[in-house]
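The structure under discussion appears below in the form of structure tokens.
4 protein chains.
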Amino acid sequence: MRRLIVALLCLGSGVLLAEAPPIAGRWVVTLESFGVPSYYVMTLVQQGDKLTGDFGGDKLEGTVSGSEIRFRAKDEQGGWEEATARLEGGALKGSITIAFSNDPTHPETQPFTAQPAPLRPTRPPRRHDFVPTTFHRQFSPAIPAVLTIAPGDTVHTTTVDAGGTDEKGTHRVRGGNPQTGPFSVEGAAPGDTLVVKITKLRLNRDWAISDDGIVDRGLDSDLAVKMKEGGNQVRWRLDVQKGVATPEKPSEHLARYSVPVRPMLGCVAVAPPPAQAPPGTGDSGRYGGNMDFNEIVEGATLYLRVNVPGALLYVGDGHAVQGDGELTGDALETSMDVELTVDVVPGPGGGGPPRMENATHIMAMGLDGSIDGAFKSATSNMAAWLSDRYKLTPAEVAQVLGTAAEYRISEVADRNAGVVLKISKERLATLAPPSK
Amino acid sequence: MRRLIVALLCLGSGVLLAEAPPIAGRWVVTLESFGVPSYYVMTLVQQGDKLTGDFGGDKLEGTVSGSEIRFRAKDEQGGWEEATARLEGGALKGSITIAFSNDPTHPETQPFTAQPAPLRPTRPPRRHDFVPTTFHRQFSPAIPAVLTIAPGDTVHTTTVDAGGTDEKGTHRVRGGNPQTGPFSVEGAAPGDTLVVKITKLRLNRDWAISDDGIVDRGLDSDLAVKMKEGGNQVRWRLDVQKGVATPEKPSEHLARYSVPVRPMLGCVAVAPPPAQAPPGTGDSGRYGGNMDFNEIVEGATLYLRVNVPGALLYVGDGHAVQGDGELTGDALETSMDVELTVDVVPGPGGGGPPRMENATHIMAMGLDGSIDGAFKSATSNMAAWLSDRYKLTPAEVAQVLGTAAEYRISEVADRNAGVVLKISKERLATLAPPSK
Amino acid sequence: MRRLIVALLCLGSGVLLAEAPPIAGRWVVTLESFGVPSYYVMTLVQQGDKLTGDFGGDKLEGTVSGSEIRFRAKDEQGGWEEATARLEGGALKGSITIAFSNDPTHPETQPFTAQPAPLRPTRPPRRHDFVPTTFHRQFSPAIPAVLTIAPGDTVHTTTVDAGGTDEKGTHRVRGGNPQTGPFSVEGAAPGDTLVVKITKLRLNRDWAISDDGIVDRGLDSDLAVKMKEGGNQVRWRLDVQKGVATPEKPSEHLARYSVPVRPMLGCVAVAPPPAQAPPGTGDSGRYGGNMDFNEIVEGATLYLRVNVPGALLYVGDGHAVQGDGELTGDALETSMDVELTVDVVPGPGGGGPPRMENATHIMAMGLDGSIDGAFKSATSNMAAWLSDRYKLTPAEVAQVLGTAAEYRISEVADRNAGVVLKISKERLATLAPPSK
Amino acid sequence: MRRLIVALLCLGSGVLLAEAPPIAGRWVVTLESFGVPSYYVMTLVQQGDKLTGDFGGDKLEGTVSGSEIRFRAKDEQGGWEEATARLEGGALKGSITIAFSNDPTHPETQPFTAQPAPLRPTRPPRRHDFVPTTFHRQFSPAIPAVLTIAPGDTVHTTTVDAGGTDEKGTHRVRGGNPQTGPFSVEGAAPGDTLVVKITKLRLNRDWAISDDGIVDRGLDSDLAVKMKEGGNQVRWRLDVQKGVATPEKPSEHLARYSVPVRPMLGCVAVAPPPAQAPPGTGDSGRYGGNMDFNEIVEGATLYLRVNVPGALLYVGDGHAVQGDGELTGDALETSMDVELTVDVVPGPGGGGPPRMENATHIMAMGLDGSIDGAFKSATSNMAAWLSDRYKLTPAEVAQVLGTAAEYRISEVADRNAGVVLKISKERLATLAPPSK
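Those protein sequence lines, which keep their order, are chains A, S, G and U.
Going left to right, the first sequence walks through residues 32 to 467 as this note's numbering numbers them.
Going left to right, the second sequence walks through residues 32 to 467 as this note's numbering numbers them.
Going left to right, the third sequence walks through residues 32 to 467 as this note's numbering numbers them.
Going left to right, the fourth sequence walks through residues 32 to 467 as this note's numbering numbers them.
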């Protein structure tokens with residue numbers, strides 16, 4: 032982390048010099064292999080003709096000669112990179128030879144391009160009103176941004192429901208969690224953490240669609256037999272004033288049944304890395320996506336690792352209310368009025384599944400093809416967070432989790448099950464202060 | 032359920048007649064096969080020389096001739112029972128031929144013995160102070176009761192910690208969750224539900240033992256490598272006045288770490304059926320046992336299906352505080368001051384894993400060798416409960432669970448993982464009133 | 032099945048009439064919703080002006096009036112379709128209103144287009160030699176076919192290894208199981224079954240790449256600690272003459288280690304339905320894909336449900352040899368010489384995960400995010416197969432599986448785990464003959 | 032291993048001295064805590080008044096003074112033991128203080144008793160014919176041996192079927208896998224490995240009982256609905272001459288169904304450690320037990336870790352034939368004629384789940400509450416075996432498993448699922464020879 036602060040200072044002074052395009056600073060390197068880009072963040076520190084710094088986590092050493100640089104970086108497992116590049120029009124262009132640590136005897140050479148990592152804009156935060164006209168059914172790094180916003184900015188927009196119907200009841204797009212966005216965030220470089228705070232999340236129509244069956248992950252053989260007729264659509268009335276939901280045509284025993292609404296976003300995502308096939312909007316992963324966690328509500332903050340320049344933020348799949356797990360396969364699906372404030376923190380937030388925070392807790396998600404796997408994933412994600420942020424040793428992590436773990440089963444309806452491990456901020460307040 | 036109320040009325044009138052030993056009423060039938068008893072509840076209704084009623088859930092019809100009865104019962108899958116018996120000294124003795132529905136062509140004949148199901152005592156509730164002198168490491172139907180109490184009674188006692196050490200620090204018994212009890216509950220017949228309310232649960236010493244590793248169910252391969260040195264004992268100080276726990280010799284980053292105590296019982300059990308090998312006190316099942324659920328605290332009520340006459344209630348394994356899942360393999364293990372009030376409800380509470388209740392929620396536990404399996408088990412248990420108690424159809428169950436499910440991961444440290452499905456009483460209040 | 036044979040006869044006679052474009056016959060209906068096509072097979076039987084038949088599994092009734100048709104179809108759960116269309120240039124064009132059974136009160140209307148289902152060509156089978164020039168990293172319905180072949184035809188081609196390197200050692204494409212194809216199969220309509228027989232599968236170079244770690248699904252916490260240095264590339268020498276593989280630079284204890292090669296295809300796939308995001312070539316599903324099952328060798332036959340007209344067959348990811356499960360995350364990855372014969376069977380082969388057959392066994396695959404789930408999936412797939420093909424009742428299925436089930440764990444290295452349930456043809460030979 | 036050979040030599044020479052009772056040698060130490068014994072193997076090497084050796088795996092150093100010894104042992108994690116004892120009547124008696132490595136600051140003192148580890152008898156192997164009269168429904172260390180046999184001996188006996196019925200059709204004991212035995216094996220000390228070779232396993236009656244349902248682990252929700260009527264008993268005819276099984280009253284489609292018999296033992300067990308509640312005979316674990324693996328047939332050899340002096344070998348639950356997994360919950364259950372040859376190998380065979388061997392493969396079992404867990408357990412068990420026996424490094428283990436792993440799903444019907452990892456002896460033959 033310290034490394035990056037130094038880098039930004041250098042970069043800052045470089046900017047002041049204006050005319051002389053600086054080599055020192057933070058760069059986003061793009062390596063293309065057969066048309067598919069991979070991104071790395073590189074930090075260069077120049078002292079005379081000496082170059083030091085970091086390339087994608089590997090320490091580098093090299094030299095500067097005029098507008099040419101030359102460096103070699105290496106990791107601790109035997110992998111290394113060797114590059115030469117020339118500063119042209121503000122970009123570095125050249126070639127790089129990479130030997131991956133798991134196969135160091137077969138290095139490959141490819142073109143090297145680097146752009147200066149965008150600086151965090153210094154203008155005051157703005158508020159954007161964005162009216163969506165198209166909606167997307169994949170979390171893709173290839174879809175052009177519909178709007179570019181800056182860290183600190185707030186964007187106000189709307190989302191259609193999971194079936195593609197908007198607040199006026201107009202069917203706008205084929206169903207399957209169509210998304211609003213993507214929003215590009217200036218200065219978000221691959222490896223950074225995008226911070227998404229949901230500042231407002233409100234119902235904007237008076238009905239929702241749901242279901243009356245239970246998904247397979249909830250069914251033992253007894254319940255499967257009982258539920259064999261399930262899976263029919265149920266329409267709910269949303270009383271936006273009173274904040275309660277009731278079945279529109281309730282069956283006998285639900286005649287008086289009502290449940291307070293608690294609007295949430297089923298999907299918040301950044302674009303995943305270009306090397307992977309763009310997932311559909313029913314899927315989830317390290318990029319976030321269709322997490323269906325009922326604490327992603329107004330006031331919640333999400334931390335998502337940035338994979339492509341600009342991050343490309345998607346939101347959608349609003350639920351008026353959802354029980355834990357989204358047991359019926361869909362919650363009370365409805366359109367939504369959404370307001371988000373975004374920020375960018377240099378450096379990774381773990382690299383695992385998403386992390387979250389609200390007024391009372393920090394929360395680490397786990398995602399896997401089984402609940403057992405998601406449980407391990409959430410535990411590992413939180414353990415890494417506590418270790419990064421509070422410098423806890425593994426034995427200390429165990430003691431904190433053993434006394435303070437709160438697990439929620441967020442999602443069982445989709446390909447990935449989700450488990451969330453929460454730690455109360457009251458407990459964290461008795462730890463040493465988090466590291467910067 | 033109605034059936035049982037009728038039966039009790041008959042039984043009641045029989046008791047009034049006093050001299051003439053009644054045939055009508057509720058009986059506990061014992062069938063012994065090669066020395067292993069099985070229990071059934073039988074309800075007989077006599078009208079002249081006609082006999083009707085129910086044998087272990089199967090409708091029966093028969094005749095009374097003096098002190099002799101003769102009946103045939105059958106289920107809907109082709110199984111049947113045929114018995115003749117004679118009333119002798121208040122008991123029914125004779126023989127029964129049983130054809131199980133999965134093999135109706137191979138009936139077996141065996142001796143038949145029935146005792147009147149004990150009536151609920153009418154004396155006012157009592158309070159018992161019980162000082163344990165022996166502790167048990169199996170939940171066994173063969174261990175004689177240390178005390179017999181009546182429905183409505185309260186018993187005050189103490190438990191040793193999981194390692195067998197009592198409130199004075201004396202090591203009393205080999206570790207492994209040694210239990211206080213068993214307490215026999217008058218009138219509890221196999222098939223009934225034992226209701227155990229924890230009226231008081233307090234710390235009675237100022238230290239606890241725990242661990243600094245994480246159990247296998249919480250470890251992915253990354254965390255396994257980090258945690259490989261874990262599993263050492265950690266001693267905690269319990270400040271009973273302030274109600275907080277702190278590590279006795281905290282390592283660097285836990286110097287100020289503290290956590291409020293929330294005393295809980297790791298184990299509450301009835302004896303399992305005699306046909307099964309008595310489980311050790313680290314295990315759990317339909318009989319309850321080592322559930323390690325951190326909401327089994329003062330104020331909680333448990334519902335456990337009775338398997339043997341008298342139920343045989345065991346308690347132990349107090350935790351000063353425990354995070355969800357008992358992630359370190361043991362919580363803050365300590366001795367405990369316990370007060371319980373028991374009751375018996377005729378008829379089953381599901382027959383699945385335990386159910387619970389507190390001021391705000393009803394809770395259905397699921398237990399299985401995987402968290403995924405425990406999730407299904409909890410869902411099925413709650414679905415059956417909602418269907419029994421509120422007459423919800425499967426589609427209605429799905430709608431309630433879809434909007435109101437709250438899942439907790441109770442236990443990952445033992446052979447069975449546990450998941451608990453909670454439903455808020457606020458939601459239940461908008462359903463039709465529960466059936467009696 | 033009978034229905035389809037009737038349909039083909041009608042269609043046959045229609046073809047003979049030549050001039051009068053027939054309405055009777057088998058049609059592929061395309062419905063587009065917001066640009067995404069869905070396909071249905073429709074069978075029309077005309078008797079005078081009466082129309083009967085089947086629309087996507089729902090029985091239909093209607094009328095013919097000149098070149099106009101009008102029909103209504105319905106399923107047994109309350110869903111229905113109503114269409115009117117006109118024969119224009121050999122295609123039917125019109126509109127359809129669909130009410131899905133789970134929401135019958137909200138029908139939607141959309142354009143209706145149908146093309147005659149292509150007939151099975153009557154020319155003699157051909158052999159195609161195809162030299163691939165491009166390779167694909169997604170199983171996509173949107174990639175144009177590189178070659179169109181007919182049922183009965185044989186195609187001979189080559190595949191690059193999982194890393195994208197061909198038989199000459201040339202790196203041709205970015206890694207990740209790049210595929211040869213897709214091949215379009217004439218006459219393959221959505222809902223049909225594509226039959227792919229691997230007639231020849233041979234090594235075409237003398238080296239392979241593999242790994243020396245174990246994937247997470249194989250690691251308990253003990254083994255995770257031991258394996259923490261794993262994951263390095265290992266190069267193997269393939270002795271094509273002798274048919275054995277040996278590590279190129281073996282470590283001490285593997286100095287003499289050798290293993291017979293058994294060339295297999297890690298990937299065989301049809302294009303999945305267009306409504307789903309095209310999966311990457313590391314993934315698997317009902318479309319087949321990266322199944323990594325070591326019995327997909329020369330002589331094996333695969334049955335894959337067709338999702339789009341022409342099926343679009345992909346092959347790739349050859350392995351010189353692979354232990355069960357692909358435990359190291361990759362097998363002995365190499366390029367391959369492949370020869371396939373394809374066929375098309377009208378009507379579905381289950382609709383679940385792929386089915387296979389070799390000289391000795393029929394095999395039903397299960398795919399899921401856990402091995403436990405894949406086990407259920409394989410069992411259900413085989414139960415459906417035995418029921419369809421041999422008319423076994425559920426109780427009969429249980430008796431056959433109970434005595435003859437052979438389970439293999441095919442794959443643990445990817446997102447889906449795979450389990451295969453095999454039944455020996457010797458056992459099947461004692462069943463009644465399969466239905467046609 | 033070398034250590035033990037030295038020890039035995041010393042012990043041997045001690046025996047020659049006869050009069051002077053030797054201190055050097057291999058001892059079985061019994062420590063009793065609150066009436067529950069724990070066993071340790073101790074090896075003492077005496078040189079003058081110096082004592083060296085090993086206590087339960089910890090290196091020890093001490094002194095001998097006349098008939099008194101005094102030693103201190105320690106492990107590498109900070110645990111230690113300190114003992115003083117006196118040789119009295121051939122036994123060592125004294126006291127020991129133990130500080131476990133996970134809590135070294137709280138040592139406990141307890142009585143110390145050691146008996147010389149019994150030597151392997153030198154008489155020629157015998158053959159025992161044992162006719163069982165009682166059968167046991169728990170794998171218990173507390174049940175007295177019915178027969179004592181020596182390493183190398185062969186015992187011929189019979190087993191009743193899972194329901195307790197013998198070869199004459201007599202119902203001998205309540206069902207639930209009642210066992211023949213236990214047999215005590217002379218010289219088997221805790222920590223040793225009991226080797227059980229099944230030299231003969233034959234049918235001894237002409238019928239078997241099975242079932243027509245499928246257990247929950249095999250049911251997804253679709254198959255659960257189809258199978259909801261299942262679970263009825265099916266009687267099979269065993270043609271002992273022809274070696275085939277056929278349903279006695281086959282339903283329509285099974286009229287000609289037949290399956291070759293392949294007699295196997297569902298249960299082979301040693302007594303588990305006394306500290307654990309004795310498991311019922313439907314359960315499995317490191318002690319073996321109800322493994323239901325259909326390769327435990329004539330010719331197979333099992334390796335089971337000894338937990339108590341004499342090992343206490345149990346056998347039962349014969350199956351005429353069983354598909355993988357015991358999918359119907361029971362196989363073709365029948366009585367059996369059994370012949371076993373036993374041996375004892377000093378030192379552990381892993382300490383994990385059972386290992387096996389037949390003419391073609393070595394096999395490592397994994398047992399867990401989920402198939403996923405059993406898969407990890409089997410993999411870890413085999414990895415440890417390859418590492419112990421062939422000195423393979425973790426990277427070498429991965430390469431062997433990656434190319435040669437063969438997984439079987441042995442059991443899904445009981446509380447533990449079972450997976451077996453097999454490695455062909457042809458592959459092992461190309462490794463360096465196994466270490467002695």
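For each residue, glycine too, the CB sits at the ideal point set by N, CA and C.
Could you have a look at residue i and say whether DSSP puts it in helix, strand or coil?
| i | result |
| --- | --- |
| residue 137/A | coil |
| residue 458/A | helix |
| residue 300/A | strand |
| residue 248/S | helix |
| residue 285/G | helix |
| residue 339/G | coil |
| residue 257/U | helix |
| residue 273/A | coil |
Do we get a CB-CB distance below 9 Å when we pair residue i with the residues of chain A?
| i | result |
| --- | --- |
| residue 295/S | no |
| residue 32/S | Note on residue 32/S: pLDDT 20, under 50, position unreliable in the model; the coordinate value appears next. Cβ-Cβ to chain A under 9 Å: no for residue 32/S. |
| residue 410/S | yes |
Just to confirm, are residue i and residue j a CB contact at a threshold of 9 Å?
| i | j | result |
| --- | --- | --- |
| residue 357/G | residue 262/G | no |
| residue 434/G | residue 241/U | yes |
Here's a check: name, in chain order, each residue in its chain whose Cβ is nearer than 6 Å to the Cβ of residue i, leaving out the five neighbours to either side.
| i | result |
| --- | --- |
| residue 144/G | 61 and 124 |
| residue 146/A | 59 and 122 |
Quick check on residue i - is its C-beta less than 9 Å from some C-beta in chain U?
| i | result |
| --- | --- |
| residue 404/G | yes |
| residue 353/G | yes |
Please confirm whether residue i has its beta-carbon closer than 9 Å to some beta-carbon of chain S.
| i | result |
| --- | --- |
| residue 392/A | no |
| residue 342/A | no |
Using a Cβ-Cβ distance cut-off of 9 Å, determine whether residue i contacts chain G.
| i | result |
| --- | --- |
| residue 312/A | yes |
Take residue i and list the residues in its own chain whose beta-carbon comes closer than 7 Å to its own, dropping the five residues that flank it on each side.
| i | result |
| --- | --- |
| residue 442/A | 322, 323, 324, 356, 357, 448 and 449 |
### Query
Any residues in the region 189-219 of chain A with a beta carbon nearer than 9 Å to a beta carbon of chain U? Which ones, in chain order?
Cβ contacts with chain U come from no residue of the region 189-219 of chain A.
### Message
Any C-beta of chain S within less than 9 Å: which residues of the region 430-454 of chain U qualify?
### Response
Residues of the region 430-454 of chain U whose Cβ lies closer than 9 Å to any Cβ of chain S, in chain order: 446, 447 and 448.
### Task
Closer than 9 Å, Cβ to Cβ, to anything on chain G: give me those residues from the region 56-67 of chain U, in chain order.
Cβ proximity to chain G below 9 Å picks out nothing from the region 56-67 of chain U.
### Contact residues within the region 239-266 of chain S, judged by C-beta distance below 8 Å to chain A
Listed by position, the residues of the region 239-266 of chain S near chain A (Cβ gap below 8 Å) are 241, 242, 243, 244, 245, 248, 249, 250, 251, 253, 254, 257, 258, 260, 261, 263 and 265.
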